[in-house]
Ligand SMILES: [Zn+2]
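Numbering (the UniProt record's numbering), first residue to last: 1 to 208.
Following this line, the structure appears as structure tokens:
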């Protein structure tokens, strides 16, 4: 089978199709991921795995306020129902949010290396006015990627932990999918010459 053939559903090469491991998770909190453009074709990016499993997930690619205008508009309409998962001096621990606060209907995450995510945060000052959370005691990351700090969770792990805290969702299928994807990537890395370290161009995403 040619390595150039891709599964129409998960869009990984057919030789490493992950569809049989995908379990749909009916998350009630809408996740909105602001994805830095440099992440789109990174093979180790975990966002696609999230998209395969979660029923309520929106991915918006960009960097500047113009890129995220539709999201900003959505947030302005109901700021009390939207929160941002991004650590900053004003953020509260999500672990302590359940009893004392109204839970958000939508949670915004930023997908990128630490530096790229920080850039999105800095440029998009409209995010600063929203309720912000950080993860105080996340599980140790099972994810290996050089571009991230060692303690930093993957976007999948951050989303999974947040959903576990917000709505007690059992996110084991997400972690298992990430583990399997990582196992296959490292197996391929050991066996082949590192070809296909980037993914094919993604299909255009659904509009807002
Ligand atoms: Zn597949």
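For every residue, glycine included, the Cβ atom is placed at its ideal position computed from N, Cα and C. Quantities reported herein were computed from a predicted structural model and do not represent experimental measurements.
Could you have a look at residue i and say whether DSSP puts it in helix, strand or coil?
i           : result
residue 36  : coil
residue 71  : helix
residue 133 : strand
residue 16  : helix
residue 43  : coil
residue 6   : strand
residue 183 : helix
residue 56  : coil
residue 214 : Only positions 1 to 208 of the chain appear in this structure, which leaves residue 214 out of reach.
residue 11  : coil
residue 142 : coil
residue 30  : strand
residue 21  : helix
Compute the Euclidean distance between the alpha carbons of residue i and residue j, then round it to the nearest angstrom.
i           : j           : result
residue 97  : residue 32  : 19 Å
residue 43  : residue 91  : 31 Å
residue 188 : residue 156 : 21 Å
residue 95  : residue 4   : 43 Å
residue 29  : residue 186 : 33 Å
residue 109 : residue 26  : 18 Å
residue 204 : residue 36  : Model confidence at residue 204 stands at a pLDDT of 47, short of 50, so the residue's coordinates are unreliable and nothing is read from them.
residue 75  : residue 174 : 27 Å
residue 60  : residue 131 : 20 Å
residue 138 : residue 170 : 15 Å
residue 182 : residue 12  : 13 Å
residue 115 : residue 70  : 24 Å
residue 14  : residue 57  : 24 Å
residue 167 : residue 16  : 32 Å
Is it buried or exposed for residue i, if we count other Cβ within 10 angstroms and need 16 for buried?
i           : result
residue 195 : Bear in mind that the predicted position of residue 195 carries a pLDDT of just 38, short of 50, making it unreliable; the figure below should be weighed with that in mind. By the 10 Å Cβ count, residue 195 comes out exposed.
residue 84  : buried
residue 88  : exposed
residue 120 : buried
residue 102 : exposed
residue 140 : exposed
residue 160 : buried
Using only CA atoms, which one of the options lies nearest to residue i?
i           : options            : result
residue 86  : 107, 175, 64       : 107
residue 19  : 6, 170, 60, 131    : 6
residue 22  : 38, 49, 169        : 49
residue 80  : 159, 120, 105      : 105
residue 41  : 111, 158, 152, 126 : 111
residue 162 : 133, 15, 179       : 133
residue 143 : 178, 114, 62, 172  : 178
residue 152 : 168, 125, 135      : 135
residue 45  : 158, 168, 66       : 158
residue 10  : 34, 53, 39         : 53
residue 209 : 126, 77, 34, 172   : Residue 209 is absent from the structure shown; the chain starts at 1 and stops at 208.
residue 39  : 113, 118, 172      : 113
Please determine whether the Cβ atom of residue i lies at a distance below 7 Å from any heavy atom of ligand 1.
i          : result
residue 18 : yes
residue 12 : yes
residue 7  : yes
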